[in-house]
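Participant:
Numbering (the numbering used here), first residue to last: 17 to 175.
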């Protein structure tokens, strides 16, 4: 028996709603930090350093800055490695239906759909045979959970 470790291969299965929600809990910590930074910057740039008045133009601009910042975090993370920080421990990855890296436009559409729906599109995962949310269907993406497959050292498909 050899002491060398065989390279691990991965297979992907559609991610269940529970895994998605676990990733969202982790990402909520990142989102909270981003919200606090943007809110602090909004306070800093106001001459009186007071919170914006609800319903004002400043409130709308602050909301837009928050939405764009959270979207940038998600979209850039999905584009760079297919994962946000919250998705990494659960081995979740956003891909095209063909298993490729998703183009920017599709990722932006994915974020817009999920954020405008306040996340309710995730519930479609419970009814879709491929466990896709409506945001996945609209954007042409899939969220998969990577499953490690060990390859024996004697396997002809090694490496």
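Using N, Cα and C, we set each Cβ at its ideal position, and we do this for glycine too.
Ordered along the chain, which non-local residues of its own chain (more than five positions away) have a Cβ less than 6 Å from that of residue 42?
Facilitator: The residue labelled residue 42 in the question sits at position 26 within the chain shown. Contacts found: 102.
Participant: Between which two residues does the alpha helix (DSSP H) holding residue 150 run?
Facilitator: Position 134 of the chain shown, counting from 1, holds the residue named residue 150. Its alpha helix (DSSP H) spans residues 150 to 155.
Participant: Do the segment 71 to 81 and the segment 101 to 119 make contact, defined as three or more Cβ pairs closer than 8 Å?
Facilitator: At 8 Å Cβ cutoff, the stretches do not touch.
Participant: Would you identify the three-state DSSP class for residue 58, choosing helix, strand or coil?
Facilitator: Position 42 of the chain shown, counted from the first residue, corresponds to residue 58. Residue 58 falls in the helix class under three-state DSSP.
Participant: Under the assumption that residue 31 contacts residue 147 (Cβ atoms under 8 Å), give the Cβ distance between them as a whole number of angstroms.
Facilitator: As a first step, residue 31 is located in the chain shown; it is residue number 15 there, counting from the start. As a first step, residue 147 is located in the chain shown; it is residue number 131 there, counting from the start. 6 Å between Cβ atoms; contact.
Participant: To the nearest angstrom, report how far apart residue 154 and residue 131 are at their CA atoms.
Facilitator: Residue mapping note: residue 154 aligns to position 138 of the chain shown, counting from 1. Residue mapping note: residue 131 aligns to position 115 of the chain shown, counting from 1. Computed Cα separation, rounded: 13 Å.
Participant: To the nearest whole angstrom, what separates the beta carbons of residue 51 and residue 160, a pair I think is in contact under 8 Å?
Facilitator: In the chain shown, the residue the question calls residue 51 occupies position 35. In the chain shown, the residue the question calls residue 160 occupies position 144. Actually they are not in contact, since the Cβ atoms of residue 51 and residue 160 sit about 29 Å apart, beyond 8 Å.
Participant: Figure out for me which residue from 86, 135, 108 and 158 has the closest Cα to the Cα of residue 145.
Facilitator: By 1-based counting over the chain shown, the position of residue 145 is 129. Nearest C-alpha to residue 145: 158.
Participant: Which residue wins for smallest C-alpha separation from residue 152, given the options 112, 134, 116 and 163?
Facilitator: Locating residue 152 in the chain shown gives position 136, where the first residue counts as 1. Per the Cα distances, 112.
Participant: Per DSSP, residue 27 is paired with what?
Facilitator: Taking the first residue of the chain shown as 1, we reach residue 27 at position 11. 163, per the DSSP bridge assignment.
Participant: Applying the criterion that 16 or more other CB atoms from any shown protein chain within 10 Å of the CB defines a buried residue, is residue 13 buried or exposed?
Facilitator: Since the displayed the chain opens at 17 and closes at 175, residue 13 lies outside it and no answer follows.
Participant: Near residue 36, which residues of its chain fall below 8 Å by C-beta distance, leaving aside the five closest residues on each side in sequence?
Facilitator: One-based indexing of the chain shown puts residue 36 at position 20. So the qualifying residues of the chain are 108, 138, 141, 149 and 159.
Participant: My parser needs the alpha helix (DSSP H) runs of 4 or more residues fully inside the segment 87 to 157; what are they?
Facilitator: Runs found: 120 to 132 and 150 to 155.
Participant: Could you tell me if residue 121 is buried or exposed, where buried requires 16 or more neighbouring beta carbons within 10 angstroms of its beta carbon?
Facilitator: Taking the first residue of the chain shown as position 1, residue 121 is located at position 105. Flag for residue 121 reads exposed.
Participant: Taking the alpha-carbon of residue 54 as reference, which of 40, 39, 38 and 75 has the nearest alpha-carbon?
Facilitator: For this step, residue 54 is matched to residue 38 along the chain shown. The option with the nearest alpha carbon to residue 54 is 75.
Participant: Once DSSP output is grouped into helix, strand and coil, what is the label at residue 64?
Facilitator: On the chain shown, position 48 is the one that residue 64 refers to. Three-state result, residue 64: coil.
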